[in-house]
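Take a look at the structure set out below.
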Amino acid sequence: MSGAATPGRGGRGARHRVVVTGLGVVTSIGTGVDAFAAGLRAGRSGAKPIGAFDTTGFAHSNACEITDFDPAAWLTAQSPDDLGRAAQFAVAAARMAVADAGLTAQQVRDVRSLVSVGTTDGESRDLDHLTALQVAEGEDALDEVAARRVWPGRLSAGIVRELGLEDVETVTVPTACAAGNYAVGYGYDAISSGDVEMALCGGADALCRKTFTGFYRLGTIAPDVCRPFDADRQGILTGEGSGILLMESLESALARGARIYAEVLGYGLSCDASHPVAPDRDSIARCITAAHRNAGIEATDVDFISAHGTGTRANDVTEVGAIRQVFGDTLPRTVSIKSMIGHTMGAASALASAACALALRDGFIPPTINHRSTDPECAVDCVPNEAVEAELRVVQNNGLAFGGNNAVLVLGKWEQAA
Amino acid sequence: MTTQLPALDDGQKAEIKDIVCDILELELDEVTDVSLFKEEHDADSLRTIEILSSLERTFGIALTQSELSRMVNLAGVYAVVAEAQVK
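Chains A and B, in that order, are what the protein sequence lines are. Quick note, in the working numbering, the first sequence goes up one by one and the last residue is 418. Quick note, in the working numbering, the second sequence goes up one by one and the last residue is 505.
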């Protein structure tokens with residue numbers, strides 16, 4: 001499709017094309033782009049019993065926890081104590097993304113840049129700890145090391161500090177479970193408008209008791225594994241990690257001969273605020289349509305959808321209903337990597353963006369694992385259990401959040417003009 | 419299955435009504451056994467989950483989320499709690 005290489009941009013005049021040239025990922029199925037790509041292709045599962053906090057009293061308590069992360073291996077300018085677990089993930093992923101793009105920190109320092117990191121919980125893991133201390137020892141009991149780092153601004157500021165950036169806008173985006181896509185979309189705007197040359201964008205979250213308990217109480221934590229689009233799906237598994245994309249203008253990437261994973265064609269947002277937790281089908285459909293328009297594509301151009309796909313009863317039916325509203329009866333394959341890495345909250349759509357970029361580069365569609373029988377209420381080809389090879393041109397990545405915060409990103413294969 | 423519905427004593431009913439009124443921020447005399455939480459008392463789904471979790475803690479019982487569809491008024495809550503206690 002030639003349209004993918006000539007984005008529409010809605011007639012807003014000459015703008016810079018935006019490409020992804022570096023990926024940094026910390027996930028329960030692999031840290032680093034090669035391990036993550038291998039995990040996606042193999043359909044690996046990050047599900048395991050929770051070790052992050054005491055789960056006494058819960059009838060079931062699996063999550064997609066990361067058990068092999070060593071912050072000291074990634075932090076050079078800061079002590080691990082300076083940062084909460086989510087910021088540690090974000091900094092590690094950012095450093096990976098810079099290295100993966102073939103850049104040094106100095107090269108990023110030399111240009112005007114943006115760092116935007118989405119999150120649901122910020123450093124709620126530390127807030128769990130501080131709250132438990134107060135409950136056990138009284139209101140004056142505070143751990144000053146943890147208290148100092150709970151500010152969620154540290155998620156993006158930690159990256160800036162680690163890389164020593166100065167000419168940089170630094171943003172933490174708190175739009176819950178769609179925050180990763182919001183952050184990437186903001187980076188797209190900043191680069192395409194010419195405000196910055198490079199952007200490190202994505203999301204980060206750490207497992208915490210508060211969020212696990214909240215979802216558990218809502219009846220949305222699966223007892224064993226996450227089965228998106230399955231007739232027997234019982235909900236999410238909470239997850240953790242970070243995905244950071246290094247994006248730059250096409251001119252910048254070509255000038256330095258960078259390897260290009262994908263082009264960011266555009267994105268769409270919708271915020272309906274119609275209900276605290278229930279997704280709104282019409283609003284999601286509006287968001288998808290806005291993304292297509294911004295990217296200059298038609299629904300028929302989309303080769304697969306990386307769904308929000310939480311595996312709750314409500315999400316999967318509502319999301320597929322919204323996709324159907326836009327796409328009609330012929331739906332592209334629609335997968336959920338949450339089946340593998342759990343719901344990583346603010347990191348979810350950022351990690352899914354990274355997965356989409358890898359899918360475009362390597363020519364495969366990641367599977368929806370743990371799948372047994374598709375629910376007719378949300379009937380999609382979810383690429384059950386095994387990845388498939390596919391020539392891909394355009395990929396759509398959905399991020400949907402509580403409060404009706406939705407963000408949909410469209411990535412395209414970038415091909416050197418002949 | 420027994421056809422005889424298990425019953426709560428007046429003290430337990432009063433305790434349940436206290437919990438419901440506390441969470442829905444209502445005076446005790448504003449709520450009857452059959453007045454509807456959502457339609458008449460402006461309760462949302464998160465408040466009803468709060469009622470469910472508070473009942474679990476107070477009575478040491480386990481309630482499944484599907485019971486929420488019956489917990490639309492005090493009479494419904496009494497029935498759900500009574501059944502859970504004999505399980």
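By construction, the Cβ of each residue, glycine as well, lies at the ideal position given by its N, Cα and C atoms.
Between the CA atoms of residue j and residue i - distance to the nearest angstrom
{"i": "Ala-390/A", "j": "Asn-294/A", "result": "25 Å"}
{"i": "Gln-107/A", "j": "Met-198/A", "result": "10 Å"}
{"i": "Val-495/B", "j": "Thr-220/A", "result": "22 Å"}
{"i": "Ser-274/A", "j": "Asn-315/A", "result": "15 Å"}
{"i": "Asp-282/A", "j": "Asp-427/B", "result": "47 Å"}
{"i": "Arg-329/A", "j": "Thr-374/A", "result": "Checking the displayed sequence, the identity of residue 329/A turns out to be Asp instead of Arg. Taking the straight line from one Cα to the other gives about 17 Å."}
{"i": "Asp-462/B", "j": "Lys-456/B", "result": "6 Å"}
{"i": "Pro-424/B", "j": "Val-498/B", "result": "10 Å"}
{"i": "Val-380/A", "j": "Asp-70/A", "result": "39 Å"}
{"i": "Glu-123/A", "j": "Glu-240/A", "result": "12 Å"}
{"i": "Ala-176/A", "j": "Gly-118/A", "result": "8 Å"}
{"i": "Gly-11/A", "j": "Thr-56/A", "result": "Unreliable positioning characterises Gly-11/A in this predicted model, as indicated by a pLDDT of 45, which lies under 50. The coordinate reading is nonetheless provided below. Rounded to whole angstroms, Gly-11/A to Thr-56/A spans 57 Å at the Cα level."}
{"i": "Ser-187/A", "j": "Leu-246/A", "result": "According to the sequence displayed, residue 187/A carries Gly and not Ser. Spanning the two alpha carbons is a distance of roughly 9 Å."}
{"i": "Ala-136/A", "j": "Leu-130/A", "result": "10 Å"}
{"i": "Gly-46/A", "j": "Asp-205/A", "result": "15 Å"}
Nearest to residue i (by Cα), restricted to the options the options
{"i": "Asn-62/A", "options": "Cys-208/A, Ile-297/A and Arg-361/A", "result": "Cys-208/A"}
{"i": "Ile-365/A", "options": "Arg-372/A, Ala-355/A and Ser-373/A", "result": "Ala-355/A"}
{"i": "Thr-213/A", "options": "Ala-37/A, Asp-128/A, Ile-244/A and Ile-297/A", "result": "Asp-128/A"}
{"i": "Cys-378/A", "options": "Ala-299/A, His-60/A and Thr-318/A", "result": "Thr-318/A"}
{"i": "Ile-337/A", "options": "Thr-330/A, Asp-329/A, Leu-351/A and Asp-232/A", "result": "Leu-351/A"}
{"i": "Arg-44/A", "options": "Asn-370/A, Ala-253/A, Thr-55/A and Gly-122/A", "result": "Asn-370/A"}
{"i": "Pro-228/A", "options": "Gly-309/A, Val-19/A, Ala-204/A and Leu-358/A", "result": "Gly-309/A"}
{"i": "Gln-416/A", "options": "Gly-257/A, Arg-15/A, Pro-279/A and Met-96/A", "result": "Gly-257/A"}
{"i": "Pro-376/A", "options": "Gly-404/A, Gly-399/A and Val-320/A", "result": "Val-320/A"}
{"i": "Ser-116/A", "options": "Gly-185/A, Tyr-267/A, Thr-334/A and Arg-333/A", "result": "Gly-185/A"}
{"i": "Ala-322/A", "options": "Leu-130/A, Ile-260/A, Ala-222/A and Gly-399/A", "result": "Gly-399/A"}
{"i": "Pro-152/A", "options": "Ala-132/A, Ser-192/A, Leu-246/A and Pro-174/A", "result": "Pro-174/A"}
{"i": "Gly-202/A", "options": "Gly-51/A, Ala-348/A, Val-18/A and Thr-76/A", "result": "Ala-348/A"}
{"i": "Ala-401/A", "options": "Gly-180/A, Ala-290/A and Arg-233/A", "result": "Gly-180/A"}
{"i": "Met-340/A", "options": "Val-150/A, Ala-92/A, Ile-236/A and Tyr-267/A", "result": "Ile-236/A"}
{"i": "Ala-92/A", "options": "Thr-104/A, Arg-109/A and Trp-74/A", "result": "Trp-74/A"}
{"i": "Asn-385/A", "options": "Thr-368/A, Leu-245/A and Asn-397/A", "result": "Thr-368/A"}
{"i": "Gly-268/A", "options": "Gln-396/A, Ala-35/A, Leu-23/A and Leu-114/A", "result": "Gln-396/A"}
{"i": "Ala-493/B", "options": "Leu-444/B, Ser-453/B and Ser-472/B", "result": "Ser-453/B"}
{"i": "Val-168/A", "options": "Arg-109/A, Thr-76/A and Ser-249/A", "result": "Arg-109/A"}
{"i": "Thr-67/A", "options": "Arg-333/A, Arg-233/A and Phe-53/A", "result": "Phe-53/A"}
Proximal residues of chain B, C-beta to C-beta of residue i below 9 Å
{"i": "Pro-276/A", "result": "Asp-462, Ser-463 and Leu-464"}
Partners in chain E for residue i, counting only beta-carbon separations shorter than 7 Å
{"i": "Ile-467/B", "result": "Of the protein chains in the structure, A and B, none is chain E."}
Residue environment, residue i, which counts as buried when at least 16 other CB atoms sit within 10 Å
{"i": "Leu-446/B", "result": "exposed"}
{"i": "Ser-487/B", "result": "exposed"}
{"i": "Arg-393/A", "result": "buried"}
{"i": "Ser-79/A", "result": "exposed"}
{"i": "Ser-2/A", "result": "Since pLDDT at Ser-2/A reaches only 36, below the 50 mark, its modelled position is unreliable, and the value read off the structure follows with that caveat. So Ser-2/A counts as exposed."}
{"i": "Val-171/A", "result": "buried"}
{"i": "Asp-143/A", "result": "exposed"}
{"i": "Lys-413/A", "result": "buried"}
{"i": "Ala-86/A", "result": "buried"}
{"i": "Phe-304/A", "result": "buried"}
{"i": "Phe-58/A", "result": "exposed"}
{"i": "Ser-484/B", "result": "exposed"}
{"i": "Asp-436/B", "result": "exposed"}
{"i": "Val-196/A", "result": "buried"}
{"i": "Gln-134/A", "result": "exposed"}
{"i": "Thr-238/A", "result": "buried"}
{"i": "Leu-464/B", "result": "exposed"}
{"i": "Ile-434/B", "result": "buried"}
{"i": "Asp-82/A", "result": "buried"}
{"i": "Asp-126/A", "result": "buried"}
{"i": "Pro-276/A", "result": "exposed"}
{"i": "Thr-420/B", "result": "Reliability fails at Thr-420/B, whose pLDDT of 49 lies under 50, so the model's placement of it is uncertain and the value that follows must be treated cautiously. Exposed is the call here."}
Chain-ordered residues of the segment 471-485 of chain B with a beta carbon less than 7 Å from chain A = Residues of the segment 471-485 of chain B with a C-beta atom less than 7 Å from some C-beta of chain A are Ser-471 and Gln-483, listed in chain order.
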